[in-house]
Each structure stands twice: as C-alpha cells, then as structure tokens.
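Participant:
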C-alpha cells in the first residue's frame, strides 16, 4: 500500500483578536494534518475556536504565527490575487446554510467556480452535471435553491465545493439544519466523494452522526487540540 499523501498541514497556529483593551487568544499553537481522502471531524464546545481555525486553514484569515500548507503550497507566501486563485482551484467550502445564489439553478450554482476561473459555459457545465449526477441530483439540475429541500441544497453546495477537484474541502456545521436521516445521507455523499476525489474533508460539527463516522476525530477546547482518536 502506498503511503498517504498529506493534503493539509498546519503548524504552530496562533490567532488573537483585539477586544477593547484586551488581546483575546482564540487559537493557541495548533498543529494539524489531514491526508488525501481522509475525513476529519473537528469537534468541541462553542467558542473553542473551530470556525476561526477553518477560516485560517482555508486562507480566509491569516494566523498571527504559524504556517498552513495545502497540497504543498504555503498560503502565507501567496499574494492576495494568488491566494484567491489558489482557493478557487484547491480549497472547497461548505457552510451550515448552503449560501447558494438564489437566482441561479442548481447546475448554475455548481458551475460558478469554473465560470469565475474563466471557463466557458459548455466547459463548466460538463463537470457540474456529472458531479450532480453522482450525488443523485440529476432530476434537480434546473431547480432554484428555493425549490430544493435543505438536504438537497447541501448536496448542491458539496458539489460546488468539489467541482474544481480541490485538495481540501472545509465544512462548518454542514448538517446543522438537517435531521438525522438527512445528516446520514449527506455523510454518505461526503464519504463517497472524498474517496473518489482523494481530497481531505475537515468538518467542524456538533453532530454525532458525522463525528462518529469520521476517519479521525479531533476535539478542540479553549483554542487548543485536547484529544484525537
């Protein structure tokens, strides 16, 4: 068996915010890795720093110290324009509320990262259509987000995150507004696609449906990783 490839490598991540006259330390020296095809559940109480950590992993925020590498590229060495292009191709995002563009169909929403990158409509439509087919959404391609259920909307959001075949997908409470059955269905979609695409999924969640089924569970508290299994 060939050795696993590290897709995400964060070392010594510290982050503080100025609140009034006080520096609030949110992340306190976190080291973290995720391999290709691995699903990592990120758990812990509210205020533990999970969302801030995901934002730093995805290049949406910068650490005060420490490094983040995605597919071997250190994010802090990129200019703003380079980082934007890198995120578009190498990092996917899924949030609790799917943030689909309401005026566009499911297919058009999934095409969007490709269109932003300058691909033609025809070129962007093919992988989007194929990906939606893989997750059982072929009959919903022309539906607007308002015409989709919560679970369907999240499937479309996952397809949008994966259409560029990124190295890493970061998900923040993706099942937060779904019932247990829909959460299980969504996890099965994530598991299938993580294996097929070989990308790392890091999922911040309070949902035991997700965390109990992840390949690895990392628990955060008070800005630190306190356990791992």
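In my numbering, the protein residues as written are 405 to 633. Think of the CB as a built atom: it goes at the ideal place given N, C-alpha and C, for glycine as much as any other residue.
1. Tell me whether the beta-carbon of residue 607 lies closer than 8 Å to the beta-carbon of residue 434.
2. Short of 7 Å in beta carbon distance, which residues of its chain neighbour residue 598, apart from the five on each side in sequence? Order them along the chain.
3. Under a three-way DSSP split, which group does residue 575 fall into?
4. Would you tell me roughly how many angstroms separate the C-alpha atoms of residue 543 and residue 454, rounded to the nearest one?
5. So what's residue 619 in DSSP terms, helix, strand or just coil?
6. According to DSSP, is residue 451 part of a helix, a strand, or is it coil?
7. How many angstroms separate the CA atom of residue 513 from the CA atom of residue 492?
8. Measure the Cβ-Cβ separation of residue 467 and residue 419 and say whether it is below 8 Å.
9. Which class does residue 473 belong to by DSSP, given the choice of helix, strand or coil?
10. Who are the Cβ neighbours of residue 459 in its own chain at under 6 Å, not counting the five residues just before and after it?
11. List the whole-angstrom C-beta distance separating residue 497 from residue 574, where the pair is believed to meet the contact cut-off of C-beta under 8 Å.
12. Rounding to the nearest angstrom, what Cα-Cα distance links residue 609 and residue 615 in this structure?
13. Am I right that residue 517 and residue 564 are in contact with their C-beta atoms under 8 Å? What's the rounded C-beta distance?
14. Taking the beta strand (DSSP E) that residue 604 falls in, what are its first and last residues?
15. Name the two residues that bound the continuous alpha helix (DSSP H) containing residue 427.
Facilitator: Taking the definition as stated:
1. It is not a contact, given that the beta carbons lie outside the stated cut-off.
2. Listed in chain order, the non-local C-beta contacts of residue 598 below 7 Å within the same chain comprise 441, 443 and 605, local neighbours out to five positions each way being set aside.
3. Of the three classes helix, strand and coil, the one that applies to residue 575 here is strand, per DSSP.
4. For residue 543 and residue 454, the distance between alpha carbons rounds to 35 Å.
5. The DSSP-derived three-state label of residue 619 is coil.
6. In this structure, residue 451 counts as coil in the three-state DSSP scheme.
7. Those two C-alpha atoms are separated by around 14 Å.
8. Yes, Cβ-Cβ distance for residue 467 and residue 419 is below 8 Å.
9. Looking at residue 473 - three-state DSSP - the assignment turns out to be strand.
10. Around residue 459: 465.
11. So it is a contact: roughly 6 Å between Cβ atoms.
12. Each residue's CA atom was taken as its position, placing residue 609 and residue 615 some 7 Å apart.
13. Rounded, the Cβ-Cβ distance is 7 Å, consistent with contact.
14. Run containing residue 604: 604-608, per the beta strand (DSSP E) assignment.
15. Here residue 427 belongs to no alpha helix (DSSP H); instead the beta strand (DSSP E) covers 426-439.
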